[in-house]
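Colleague: Pasting a structure here, questions to come.
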């Protein structure tokens, strides 16, 4: 007794009770009361470590982080063997998102109290959050052993095993668990989810038979009626195709619009296999037609059934009959997306002339008798004609015949000047034809026909950004935000990534790297948040028993970087870093801004003024709001100290290092994207990471082939640079390079010879091939440049679509940069003849992106825009 | 081609993007997580040939309500994919799953007073009726119709798994009820966050989801295992209800 009283780290009963109330107040976030209790204890026991630590924790939660941390550390120093103090320190780190440090603290806490359930559970949350799968299993197993009767501990342990990849053990444990569990009298959601989780485990382990048996046995207990049927379909497809057919027919009755069900059905019927003989082929066609004719009849209102019937293996005459019916039905219905629905059919080029013939017969019939051919009984409403014109326009646009497309879309607009869809369609055609500026005008005109539709606003904004009109674009998208809000901050807050991406690309084109960087960094941060936001669910999903969904979340987070926006933003970011590395002067944008002419300077001030006015207006509102809420005092009304990203840009010290960090993620999750490797190659070469560069070449070839123009150029550049350096490189490196060289470059061949072969064999394939050949010729063997340049006179230029236009623009730029002015002009003329609508080829010897010319041009071609806006 | 199927977590970024494209009411990713982690059965997507989400319905259950019922948090279809009946099909799938998995008696939603196309769809095609008018519901002060669509009475279907909040009944001995209770507490917690979030998007303020305040205080007085983690959750739950 006496000894205990003397120990300053042990509290007597009164203080102990106070300490408990301190903890309670902290939990309830009653920080003032908590502090009061702490101070009361400290009056009598000023060195009590646990109280000091708790007080520190409360202070840190209350916004006094530095002071809090000091107290926590002091508390810990006074009582190093207290699990409470360690736990508190861990909680502090956790709140600061220093998860690794938090784990260490929890582990220290457990040294002094190894069976503390709360700490074990907190530890497990962090372990899985950081994907320490083995540690998670260990902790979960410990919890399970301590409290085997606790349901969540069972499931927690099973999920830990599952995430670790120990499927057999997970299945065993789950089986035992379900045996012990009392079957509820009524169907019960949580129980049902557990049964389905068990089935999921078996399915993943390839135990289809057992999974099926179990599913049959427990069916009545499962409330997710849809998923039972879906799972049964998948399982049957593996073990019994005849039954699978029936099952997928059943699923179609639930939802005929689910393509997975159709895929299942087709797999069950073997429609997806390639027949080996002509006879088998016709048999397959006949059988497919029979099945899908029946399905189409059974689900007359399903578009998907009709489309799948149309796009499946069919004899041509039959196809045309079905297509005719499909077109008539949806043209009369007025479906803006009709062409998109039917587009997969165009993959079979032999069908295209027949489709065109059919469409022309419609046009002829409508223009003479206002109805479809051979349908004289009905007179169609005039609006059908509009949809017909649009369909024909899209048909031509898809084939690259943009002038034809334009003439039909203009007829549509003439027919119904108020049709938004017609204008949207025209904008798309113009964009494909290479007239980005007019496309933006036209789409903006469409937007003005319905101000309430955010979709139109979104699209118009995108078109404006593509046309490099950043200021107008920002003002446009702001129309859908509350007045007084900082547009960019609000959109970032809502994780509006498409906008950040398009805007940053636009800024890069305008040479405003700091602004681009600002937006790209915001996008990257969204992905951090996507990852961070899983945290609460490590706990929540086990309470809710939504374990299957939880596993989906874990897997989603594990591959979150494969998201298209991440790839897009990442690549743009890497390109900026590359530019900074090549020209460090870009980091200080002041001279850059002054050089970007007066037009972009006004751009900047245009943007700044209204934003400032607005933020002033909204300030009092925001203050009120923060008072009301009481919490999150640091968040509202924070003025961004670096709205233009200038500090951000000047803070880039190791651009290649930054670039490689991003490339690492891109490589791990998006190795199927060619640009990841072409851009990566450039970075690795500059950083003299030759093995990485070589890997980029091989990965690019895996996505395409070694004869792809981009890959060819990379390979040539690589060996041209590295061959002379071989003696200076370490033997492990040269060995790998030698081996790879033998695979890429034929034996006893020089690099100029390889390029000569490329010129002869592939140079004529496309503009991109010719460009690559020319660049390599210039690099490796200047005399061969003449041969390479000659390619441009004969290379086949594809009819215009957006990618081929981009390739041509690039070719022209490369020619100019190599001082081949004459060849450049010749190519421009060729392009202009072939693609008269593309503005880039209209004015000879002008940079392709007209920045200054944008604003004042009146849009005389779209009169309705003017009418509406006035 | 457009395929209509149940949403998975992988669809959420696409749903978020579709929502930002079409509607003025937007949400952060965590709110989407919350829906799918709470009611994985109820949200559906329409996907085109390139795997792009062209329409979605984000739905939930109102678990605290007297009568269990579903609620459509958000639904939209890209303009270029309209006139295909996608919204109808999405909603019907979601409705059925509300009935099957959660024994919902009806489903509710909010629609702008001026959105005639949507109103017609809900009323005439799907059988919703205007239940109430909420004035100035939207950020731009437009009124909302609160609509409801009754589901046919289910006799053999599971009824009301969703337990209405019971008074905290002696959690001491049995583990199961304790666990359930704290699950309610957790739900309550997330619901609170959601409410804050709704305020957020209604008032369009820059506050974001509150810091993950799952911070369980160390409970030094508790001997190992005295009450375990569940007791804490219950305690927090009570605290919330009082306030």
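Chains as they are written, first to last, in the numbering used here: chain A, 88 to 957; chain B, 4 to 246. Every residue, glycine too, gets a C-beta built ideally from N, C-alpha and C.
Distance, Cα to Cα, residue 361/A vs residue 511/A?
Modeller: So the two alpha carbons sit approximately 40 Å from each other.
Colleague: Grouping DSSP H, G and I as helix and E and B as strand, with all else coil, what is residue 380/A?
Modeller: Here residue 380/A sits in helix by DSSP.
Colleague: Considering only residues of the same chain and omitting the five flanking positions on each side of residue 124/A, which have a CB-CB separation below 8 Å?
Modeller: Answer for residue 124/A: 105, 106, 108, 109, 112, listed in chain order.
Colleague: So, is the C-beta of residue 661/A closer than 8 Å to a C-beta in chain B?
Modeller: Cβ-Cβ to chain B under 8 Å: no for residue 661/A.
Colleague: Cα-Cα, which of 867/A, 335/A, 138/A, 748/A is closest to residue 665/A?
Modeller: The shortest C-alpha separation from residue 665/A is found at 748/A.
Colleague: Would you report the Cα separation of residue 713/A and residue 726/A, rounded to the nearest angstrom?
Modeller: With a pLDDT of 36 at residue 713/A, under the threshold of 50, the modelled position of that residue is not reliable, and the figure given next carries that caveat. Distance between the alpha carbons of residue 713/A and residue 726/A is about 15 Å.
Colleague: Give me the chain A residues within the contact set of residue 16/B, using Cβ-Cβ distance strictly less than 7 Å, ordered along the chain.
Modeller: The answer, in chain order, is 650.
Colleague: Which residue's Cα is closest to the Cα of residue 13/B: 152/B, 36/B, 116/B?
Modeller: For the residues 152/B, 36/B, 116/B, the minimum Cα distance to residue 13/B belongs to 36/B.
Colleague: Could you please tell me which residues of the stretch 101-119 of chain B, in chain order, have their CB closer than 7 Å to any CB of chain E?
Modeller: Reference to chain E is not applicable here, since the protein chains of this structure are A and B.
Colleague: What number of angstroms, rounded off, separates the C-alpha of residue 303/A from the C-alpha of residue 341/A?
Modeller: Roughly 19 Å separates the two Cα atoms.
Colleague: Would you say the stretch 101-109 of chain B touches the stretch 63-79 of chain B, given that touching needs at least three Cβ pairs under 8 Å?
Modeller: The stretch 101-109 of chain B is in contact with the stretch 63-79 of chain B.
Colleague: Straight-line CA distance for residue 514/A to residue 821/A?
Modeller: The straight-line gap from Cα to Cα measures roughly 53 Å.
Colleague: Quick one: what's got a C-beta closer than 6 Å to residue 171/A's C-beta in the same chain, skipping five residues either side?
Modeller: So the list reads 137, once near-sequence residues are dropped.
Colleague: What span of residues does the beta strand (DSSP E) with residue 113/B cover, start to end?
Modeller: Unbroken beta strand (DSSP E) run through residue 113/B: 109-115.
Colleague: At which residues does the beta strand (DSSP E) containing residue 673/A begin and terminate?
Modeller: It is not in any beta strand (DSSP E) - residue 673/A carries neither H nor E in the DSSP assignment.
Colleague: Would residue 127/B pass as an interface residue toward chain A - the criterion being a Cβ-Cβ separation below 8 Å?
Modeller: It does not: the Cβ of residue 127/B has no partner Cβ on chain A nearer than 8 Å.
Colleague: Report yes or no: is there a C-beta of chain A within less than 8 Å of the C-beta of residue 71/B?
Modeller: Not one chain A Cβ lies under 8 Å of residue 71/B.
Colleague: Within the same chain, show all residues whose beta-carbon is closer than 6 Å to that of residue 240/A, passing over the 5 residues directly before and after it, in chain order.
Modeller: Here the set comprises 230, 231, 234.
Colleague: With H, G and I counted as helix, E and B as strand and the rest as coil, what does DSSP make of residue 134/B?
Modeller: Residue 134/B: strand per DSSP, three-state reduction.
Colleague: Is residue 144/B close to chain A, meaning its C-beta is less than 8 Å from at least one C-beta of that chain?
Modeller: Not closer than 8 Å to any Cβ of chain A, the Cβ of residue 144/B fails to qualify, so no.
Colleague: By the criterion of Cβ-Cβ separation under 7 Å, what are the contact partners of residue 7/B in chain A?
Modeller: Residues of chain A passing the Cβ test: 342, 344, 345.
Colleague: Once DSSP output is grouped into helix, strand and coil, what is the label at residue 168/B?
Modeller: Residue placement at residue 168/B is poorly supported in this model, since its pLDDT is 35, which falls under 50; the coordinates still yield a value, given next. Coil, per DSSP.
Colleague: Note down, in chain order, all residues in the stretch 281-307 of chain A with a beta-carbon under 9 Å from any beta-carbon belonging to chain B.
Modeller: So nothing in the stretch comes that close.
Colleague: Apart from the five residues on each side of it in sequence, which residues of its chain come closer than 6 Å, Cβ to Cβ, to residue 391/A?
Modeller: Cβ within range, chain order: 344.
Colleague: If you draw a straight line from the alpha carbon of residue 542/A to that of residue 255/A, how long is it in whole angstroms?
Modeller: Taking the straight line joining both Cα atoms gives about 49 Å.
Colleague: Please state whether DSSP places residue 792/A in a helix, a strand or coil.
Modeller: If DSSP states are grouped into helix, strand and coil, residue 792/A belongs with coil.
Colleague: Using a threshold of 8 Å, state whether the C-beta atoms of residue 873/A and residue 796/A are closer than that.
Modeller: Not closer than 8 Å, so no.
Colleague: So, residue 284/A versus residue 642/A, is the Cβ gap smaller than 8 Å?
Modeller: No, these two residues do not count as a Cβ contact at 8 Å.
Colleague: Here's a check: name, in chain order, each residue in its chain whose Cβ is nearer than 6 Å to the Cβ of residue 536/A, leaving out the five neighbours to either side.
Modeller: Within the same chain, residue 536/A has close Cβ partners 507.
Colleague: Can you give the beta carbon distance from residue 581/A to residue 277/A, rounded, assuming they're within the 8 Å contact cut?
Modeller: Between residue 277/A and residue 581/A the Cβ distance is about 34 Å, and since that is not below 8 Å, they are no contact.
Colleague: By a C-beta neighbour count over all protein chains shown, 10 Å radius and 16 as the cutoff for buried, is residue 956/A buried or exposed?
Modeller: Confidence at residue 956/A is low in this model, with a pLDDT of 36, below 50, so the placement of that residue should be treated as unreliable; the coordinate-derived value is given next. Exposed is the call here.
Colleague: Under three-state DSSP, which class holds residue 568/A?
Modeller: Residue 568/A: coil per DSSP, three-state reduction.
Colleague: From residue 184/A to residue 147/A, what distance separates their C-alpha atoms?
Modeller: For residue 184/A and residue 147/A, the distance between alpha carbons rounds to 14 Å.
Colleague: Give every residue of the same chain whose Cβ lies closer than 8 Å to the Cβ of residue 32/B, excluding the five residues on either side of it in the sequence, and list them in chain order.
Modeller: Only 15, 16, 19 meet the Cβ criterion.
Colleague: Examine chain A for any beta-carbon lying closer than 8 Å to the beta-carbon of residue 48/B, and answer yes or no.
Modeller: By this cut-off, residue 48/B is not an interface position.
Colleague: Kindly list, in the order they appear in chain B, the residues whose Cβ is closer than 8 Å to that of residue 472/A.
Modeller: Near residue 472/A there are no residues of chain B at all, since even the closest Cβ is about 17 Å away, more than 8 Å.
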